[in-house]
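Novice: Pasting in a structure now, in structure tokens, and then I'll have a few things to ask.
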Amino acid sequence: MRLENKPELRRFFLKQRMEQPRAEKAAADRSISERLLASTVFARAQCVFCYVSTPDEIDTHGILRQALAEGKNVCVPRCLRAGEMRAYHIASLDSLRTGRFGILEPDASAREVPPERIDLIVAPALACDRAGYRLGYGGGYYDRFMIRTPAIRAALCAEGRLLERLPRTAFDQRCGWIFTERRVLHTDEKQ
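Count the sequence shown with my numbering and you get residues 363 to 553, in order.
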């Protein structure tokens with residue numbers, strides 16, 4: 363693949379994701395979730411911060427339900443203003459409401475969770491590279507959030523969107539783990 367910049371890559375992978383057959387996507391999503399749920403990073407995490415997937419993203423609803431069933435402290439993002447995201451505790455997926463960008467978020471009564479309390483961040487990715495860098499949607503929400511916490515960082519990524527190297531900036535934050543439907547990559551020995 364010879365796409366040279368992030369906007370081109372975003373357009374390419376968004377189009378590719380939209381064209382993926384639903385049954386194929388569902389099977390891949392299940393495999394990715396199963397790999398994360400079977401991992402030691404998930405097992406050891408007492409507090410999990412995980413994105414709430416939209417229908418086109420890798421499905422995290424099963425991950426969130428399992429974390430809740432295991433009694434983990436589960437928090438999900440709420441986007442406040444341009445580039446700012448915070449973590450809020452949920453006790454059930456039923457407490458989520460449609461928020462900014464049409465994404466399900468915790469309701470107004472949810473308790474904020476300090477970033478330093480989080481053990482594991484599960485981040486979305488349009489694509490990832492083998493060094494652990496992810497291509498998001500371009501708002502920098504996760505990069506800004508990751509800077510504020512020592513938590514282990516994991517990205518969920520379809521195998522076909524795992525690249526050798528993504529374009530990156532000094533601002534981009536690296537994930538120590540990448541989960542695809544075929545494998546688990548540990549990219550950072552510090553995590």
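Backbone N, C-alpha and C define an ideal beta-carbon position, used for all residues, glycine too.
Using three-state DSSP, classify residue 504 as helix, strand or coil.
Specialist: Residue state, collapsed to three classes: helix.
Novice: Answer yes or no: do residue 425 and residue 490 have a C-beta to C-beta separation smaller than 8 Å?
Specialist: Against a cut-off of 8 Å, the Cβ pair of residue 490 and residue 425 comes out as no contact.
Novice: Per DSSP, what kind of secondary structure is residue 414 in: helix, strand or coil?
Specialist: DSSP places residue 414 in coil when its eight states are reduced to three.
Novice: To the nearest angstrom, how far is it from the Cα of residue 442 to the Cα of residue 448?
Specialist: Whole-angstrom Cα-Cα distance: 8 Å.
Novice: With distance defined between alpha-carbon atoms, name the residue in 411, 407, 419 nearest to residue 523.
Specialist: Of the candidates 411, 407, 419, the one whose C-alpha sits nearest the C-alpha of residue 523 is 419.
Novice: List the residues that DSSP assigns as beta-bridge partners of residue 495.
Specialist: Per DSSP, 536.
Novice: Beta-carbon within less than 6 Å of residue 410's beta-carbon, same chain only, minus the 5 sequence neighbours each way: which residues are those?
Specialist: Only 429, 434, 436, 482 meet the Cβ criterion.
Novice: Pick from 451, 488, 516: whose alpha carbon is nearest that of residue 470?
Specialist: Of 451, 488, 516, the residue nearest in Cα terms is 451.
Novice: Please list, in chain order, all residues of the same chain as residue 550 whose beta carbon is under 7 Å from its beta carbon, the five residues on each side excluded.
Specialist: Excluding positions up to five away in sequence, the list reads 494, 536, 538.
Novice: Could you tell me the alpha carbon to alpha carbon distance between residue 414 and residue 366, rounded to whole angstroms?
Specialist: Cα-Cα distance, rounded: 29 Å.
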